[in-house]
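*Asks:* Questions regarding the structure given below will be posed in turn.
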Amino acid sequence: MVTIPIEIQILFAASLFLLGLIGLLVRRNIIFMLMSIEVMFNSAGLVFIIAGSRWGQTDGQVMFIFILAVAAAEVSVGLALILQMFHHYKTLDADELSKLRDSKNDS
Amino acid sequence: MNTIFYIAALVALVSTALAISGRNAIHALLFLIVSLLSISVIFFILGAPFIAALEVIVYAGAIMVLFIFVIMMLNVGLEKEMENKWLRPGMWILPSILAFILLIDFLSMLRSMNYREIRGQIILPKQVGISLFTTYLLGVEISAMLLLAGIVGAYHLGRQKKKVIHRFLEKIEETHAEAPDTNL
Chain A
32 MVTIPIEIQI
42 LFAASLFLLG
52 LIGLLVRRNI
62 IFMLMSIEVM
72 FNSAGLVFII
82 AGSRWGQTDG
92 QVMFIFILAV
102 AAAEVSVGLA
112 LILQMFHHYK
122 TLDADELSKL
132 RDSKNDS
Chain B
12 MNTIFYIAAL
22 VALVSTALAI
32 SGRNAIHALL
42 FLIVSLLSIS
52 VIFFILGAPF
62 IAALEVIVYA
72 GAIMVLFIFV
82 IMMLNVGLEK
92 EMENKWLRPG
102 MWILPSILAF
112 ILLIDFLSML
122 RSMNYREIRG
132 QIILPKQVGI
142 SLFTTYLLGV
152 EISAMLLLAG
162 IVGAYHLGRQ
172 KKKVIHRFLE
182 KIEETHAEAP
192 DTNL
């Protein structure tokens, strides 16, 4: 079995989460934003698996299955929303959807 | 085993960084699939073979196919110049190198597999299933309702509404669409 210290495994999951967060903040293409959310879901599940293998319990894997169900539901609704957005605005740029922005405070 | 973990972690980090920084959505999806496969290798190393299989089947199989369907439907970034670029090696050489590293990982792990050592901490699918359907039965039913809500929501949102062809309605929509520009 692996003898890697758990700190390094958690560090790996945290850096993966950080990459997803950077992608979510930097990219404006909404498909890339949804993909970054998937990366973040995945790294959160990775922490569950690491903890489950550290203590030899099945709860971590059960939680990962739940995360998988949540990610599947989220991505189906999100992709339907992207389709509607493309039909209405003919673009995938998230900054184009600025109808709710308060234009008075915009400097 | 340790070196396999480090190699797979490196592949996952590199391919995720390439996925979120890519220009083309399909290439980014390819890198994301490689990243998911390497995370599945890590799950297998950590003693969760069932989750490793689920990661490949559900994430890399189902969810990524959904992404690919939507990108193909929207037809984003596919101009005629793209078709000439499809045959260039720069498009597929990097994902295939990363996937090849994973294949070497897999083969070397199969060669050096020592079942006695692993058996201590591995968590088999049977235990996961027993825990899932006894302790967490309520969670299973709640996630079933969540998936049903996801199906209904995706059907409702993704349905193409019938377009009303009418001169006056079109004019009204145009004026509404142009109105925010005057505010700015």
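Protein sequences appear in the order of chains A and B.
When we follow our numbering, the leftmost residue of the first sequence carries the number 32, and every step to the right adds one.
When we follow our numbering, the leftmost residue of the second sequence carries the number 12, and every step to the right adds one.
Just so it is clear, CB atoms sit at the ideal spot from N, CA and C, and this is done for glycine as well.
1. Any beta-carbon of chain D closer than 8 Å to the one on Ala100/A?
2. Of all Cβ atoms in chain A, is any one closer than 8 Å to the Cβ of Phe16/B?
3. Name the residue from Ile98/A, Gln92/A, Phe97/A and Met66/A whose alpha carbon lies nearest to the alpha carbon of Gly33/B.
4. Check distances from the C-beta atoms of the segment 103 to 135 of chain A to those of chain B and list, in chain order, the residues that come in under 7 Å.
5. Could you please tell me which residues of the segment 43 to 71 of chain A, in chain order, have their CB closer than 9 Å to any CB of chain B?
6. Would you check whether the ligand ADP has a heavy atom nearer than 7 Å to the C-beta of Lys137/B?
7. CA-CA distance, Ala155/B and Gly101/B?
8. Can you tell me which of the three DSSP states Asp90/A falls into?
9. Is the segment 116 to 125 of chain A touching the segment 13 to 26 of chain B, taking contact as three or more C-beta pairs under 8 Å?
10. What number of angstroms, rounded off, separates the C-alpha of Val57/A from the C-alpha of Glu69/A?
11. If the cut-off is 7 Å on Cβ atoms, which residues from the segment 138 to 156 of chain B count as contacting chain A, listed in chain order?
12. Quick check: is the beta carbon of Val93/A nearer than 8 Å to any beta carbon in chain B?
13. When burial is assigned at 16 or more other CB atoms within 10 Å of the CB, is Pro36/A buried or exposed?
14. Excluding five sequence neighbours on each side, which residues of the same chain lie with their C-beta closer than 8 Å to the C-beta of Thr27/B?
15. I'd like to confirm the pairing. Which residues does DSSP put opposite Asn60/A in its beta bridges?
16. Within 8 Å (strictly less), CB to CB, does Met83/B reach chain A?
17. By Cβ distance, which residues of its chain are closer than 6 Å to Tyr70/B, with the 5 residues on each side in sequence left out?
18. Can you check whether the CB of Ile81/A is closer than 8 Å to the CB of Ala44/A?
19. Three-state secondary structure (DSSP) at Met12/B?
20. Measuring CA to CA, which of Thr34/A, Arg59/A, Leu77/A and Asn60/A is closest to Ser46/A?
21. Going along chain B in order, which residues have a C-beta closer than 7 Å to the C-beta of Ile80/A?
22. Ile61/A: buried (16+ other C-beta within 10 angstroms of its C-beta) or exposed?
23. Can you check which of these residues, Phe79/A, Ser107/A and Glu127/A, is closest to Met116/A by C-alpha distance?
24. Once DSSP output is grouped into helix, strand and coil, what is the label at Ala44/A?
25. If we ignore side chains and look at the alpha-carbon of each, how far apart do Gly169/B and Leu114/A end up?
26. Identify the continuous alpha helix (DSSP H) that holds Ser32/B and give its terminal residues.
27. What residues in its chain sit with their C-beta under 7 Å from that of Met93/B, if we drop five residues either side in the sequence?
28. Going by CA-CA distance only, name the one from Gly140/B, Ala160/B and Ala23/B that's closest to Val108/A.
29. If you reduce the DSSP assignment to three classes, tell me which class Arg122/B lands in.
*Replies:* The structure says:
1. Protein chains in the displayed structure are A and B, and chain D is not among them.
2. Phe16/B counts as touching chain A.
3. Nearest to Gly33/B by C-alpha distance, out of Ile98/A, Gln92/A, Phe97/A and Met66/A, is Met66/A.
4. Along the segment 103 to 135 of chain A, the positions whose C-beta sits under 7 Å from a C-beta of chain B are Ala103, Ala104, Val106, Ser107, Val108, Leu110, Ala111, Leu112, Ile113, Leu114, Gln115, Phe117, Leu123, Lys130 and Ser134, read in chain order.
5. Under the 9 Å Cβ criterion, the segment 43 to 71 of chain A contributes Phe43, Ser46, Leu47, Leu50, Gly51, Ile53, Gly54, Leu55, Val57, Arg58, Asn60, Ile62, Phe63, Leu65, Met66, Ser67, Glu69 and Val70.
6. The ligand ADP is not among the ligands present in this structure, which contains no ligands whatsoever.
7. The straight-line gap from Cα to Cα measures roughly 43 Å.
8. If DSSP states are grouped into helix, strand and coil, Asp90/A belongs with the helices.
9. Under the Cβ criterion (8 Å, minimum of three pairs), the segment 116 to 125 of chain A does not count as touching the segment 13 to 26 of chain B.
10. If you take the alpha carbons of Val57/A and Glu69/A, they lie about 15 Å apart.
11. When C-beta distances to chain A are compared with 7 Å, the residues of the segment 138 to 156 of chain B below that value are Gln138, Val139, Ser142, Leu143, Tyr147, Gly150 and Ser154, in chain order.
12. Judged by the 8 Å Cβ criterion, Val93/A is in contact with chain B.
13. Exposed, by the Cβ-count rule.
14. Answer for Thr27/B: Phe42, Leu43 and Ser46, listed in chain order.
15. Under DSSP, Asn60/A shares a beta bridge with Asp124/A.
16. Taking CB atoms only, Met83/B has no neighbour in chain A less than 8 Å away.
17. In chain order, Leu47 place their CB closer than 6 Å to the CB of Tyr70/B, counting only its own chain and leaving out the 5 sequence neighbours on each side.
18. Yes, they are a contact pair.
19. In the three-state scheme derived from DSSP, where H, G and I count as helix and E and B as strand, Met12/B is classed as coil.
20. The option with the nearest alpha carbon to Ser46/A is Leu77/A.
21. Ordered by position in chain B, the residues that pass the 7 Å Cβ test against Ile80/A are Phe54, Leu57, Ala59 and Ile62.
22. By the 10 Å Cβ count, Ile61/A comes out buried.
23. For the set Phe79/A, Ser107/A and Glu127/A, the Cα lying nearest the Cα of Met116/A is the one of Glu127/A.
24. Helix at Ala44/A.
25. Spanning the two alpha carbons is a distance of roughly 7 Å.
26. Ser32/B -> no alpha helix (DSSP H), and no H or E assigned at all.
27. Annotation note: pLDDT 49 at Met93/B (below 50); position unreliable, coordinate value reported separately. No residues qualify anywhere along the chain.
28. Considering only Gly140/B, Ala160/B and Ala23/B, the residue with the shortest C-alpha distance to Val108/A is Ala160/B.
29. Arg122/B: helix per DSSP, three-state reduction.
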